[in-house]
Amino acid sequence: KDRLSISPEGIVWKGRQWELDSISRIRWGGTRKSVNGIPAGTTYSITFGNESELCSIELSKKEIYENFIDRLWRAVGVRLMFQYLEGLRAGEKYKFGSALISDQGIELERMKWFSNNERVYNNWSEVLIYNGPGVFCVESKKGKVTKSFSYQDEDNIHVLEAMFRWLWKTGGRNMSSLLGEG
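Heads up: the sequence shown begins at 9 in this note's numbering, then just goes up one per residue.
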């Protein structure tokens, strides 16, 4: 059988070891299956990788999935979140899908049918966040522009959501305020 493990030495799957520090992309989620409307179980997907490679794992056991993603979050997700926050503090901007994140806010893309799409900038107090089926959503309070990010198909959306929720909880004005003074 294929063995999945995570430790300070890295992640091992199908005989290959991935060093934790090399992992720059993570995603996970579950998909419910049904046959003729009758529930037929859930497939749990975990994907991680570096800039050039991805490893995808599908599991049917919820307990193994939850146990692994908890450890993946603590070993990799938290590190990635702080790397993003440090980059934002230094003036970096990050793309998540068509959205552009800066320390002060987010630029969302409004789709237009017969002309070029429009970019709408919002500071952090001008957006709402919520979850939909399998997606994390960011909505502009001005102009009703919404962007949905897929947990299973887009890299680091769980990290992005954690930063948003932490910012909302603390009431900070900039993402880098989460790092405190320094």
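C-beta atoms are modelled at their ideal positions from N, C-alpha and C, and glycine is treated no differently.
Per-residue DSSP class, three states only, for residue 31: To locate residue 31, count along the sequence shown from 1; it is residue 23. Coil, per DSSP.
For residue 170, the nearest candidate out of 85, 120, 132, 127 (CA to CA): As a working note, residue 170 is residue 162 in the sequence shown. Closest in C-alpha terms to residue 170, from the list 85, 120, 132, 127, comes 85.
8 Å Cβ shell around residue 51 - same chain, five flanking residues per side excluded: The sequence position of residue 51 within the sequence shown is 43, counting from 1. Here the set comprises 38, 39, 41, 66, 67, 68.
C-beta atoms of residue 94 and residue 107 nearer than 9 Å: Position 86 of the sequence shown, counting from 1, holds the residue named residue 94. Position 99 of the sequence shown, counting from 1, holds the residue named residue 107. Taking 9 Å as the Cβ cut-off, residue 94 and residue 107 do not qualify as a contacting pair.
For residue 178, the nearest candidate out of 142, 155, 143, 133 (CA to CA): Here the question's residue 178 lines up with position 170 in the sequence shown. Here the closest residue by C-alpha is 133.
Per-residue DSSP class, three states only, for residue 73: The residue you call residue 73 lines up with position 65 of the sequence shown. Helix at residue 73.
Residue 155 classed as buried or exposed, judged by whether at least 16 other C-beta atoms fall within 10 angstroms: Position 147 of the sequence shown holds residue 155. Label assigned to residue 155: buried.
Span separating the alpha-carbon of residue 124 from that of residue 153: As a position in the sequence shown, residue 124 is number 116, starting the count at 1. As a position in the sequence shown, residue 153 is number 145, starting the count at 1. The alpha-carbon of residue 124 is positioned some 15 Å away from that of residue 153.
Alpha-carbon spacing of residue 105 relative to residue 99, whole angstroms: Here the question's residue 105 lines up with position 97 in the sequence shown. Here the question's residue 99 lines up with position 91 in the sequence shown. Whole-angstrom Cα-Cα distance: 19 Å.
Distance between residue 71 and residue 136 (C-alpha atoms, nearest Å): For the purposes of this step, residue 136 is taken as the residue at position 128 of the sequence shown. For the purposes of this step, residue 71 is taken as the residue at position 63 of the sequence shown. Going by the C-alpha atoms only, they are around 32 Å apart.
Contacts around residue 25, its chain only, beta-carbon distance under 6 Å, and the 5 residues preceding and following it disregarded: Residue mapping note: residue 25 aligns to position 17 of the sequence shown, counting from 1. Here the set comprises 18.
Nearest residue (CA-CA) to residue 141, options 161, 122, 60: In the sequence shown, the residue the question calls residue 141 occupies position 133. The residue with the shortest Cα to Cα distance from residue 141 is 161.
Limits of the alpha helix (DSSP H) - the one that residue 86 falls within: In the sequence shown, counting from the first residue as 1, residue 86 sits at position 78. Segment 86 to 97, the alpha helix (DSSP H) holding residue 86.
Residue 177 - DSSP class collapsed to helix/strand/coil: By 1-based counting over the sequence shown, the position of residue 177 is 169. Residue 177: helix per DSSP, three-state reduction.
Classification of residue 175 by the beta-carbon crowding that lies within 10 angstroms, buried from 16 upward: Counting from one through the sequence shown, the residue named residue 175 turns up at place 167. Answer is buried; the Cβ neighbour count reaches 16.
Proximity winner among 20, 91, 10, 48, relative to residue 32 (alpha-carbon distances): On the sequence shown, residue 32 is found 24 positions in, with the first residue counted as 1. Minimum Cα-Cα distance from residue 32 among the listed residues 20, 91, 10, 48 corresponds to 91.
Inter-residue Cα distance where the pair is residue 185 and residue 119: For this step, residue 185 is matched to residue 177 along the sequence shown. For this step, residue 119 is matched to residue 111 along the sequence shown. Approximately 31 Å between the Cα atoms of the pair.
Proximity below 9 Å, CB of residue 13 to CB of residue 58: The sequence position of residue 13 within the sequence shown is 5, counting from 1. The sequence position of residue 58 within the sequence shown is 50, counting from 1. Against a cut-off of 9 Å, the Cβ pair of residue 58 and residue 13 comes out as no contact.
Backbone secondary structure at residue 127 - three-state DSSP: Here residue 127 corresponds to residue number 119 of the sequence shown, with the count starting at 1. Taken through DSSP and simplified to helix, strand or coil, residue 127 comes out as strand.
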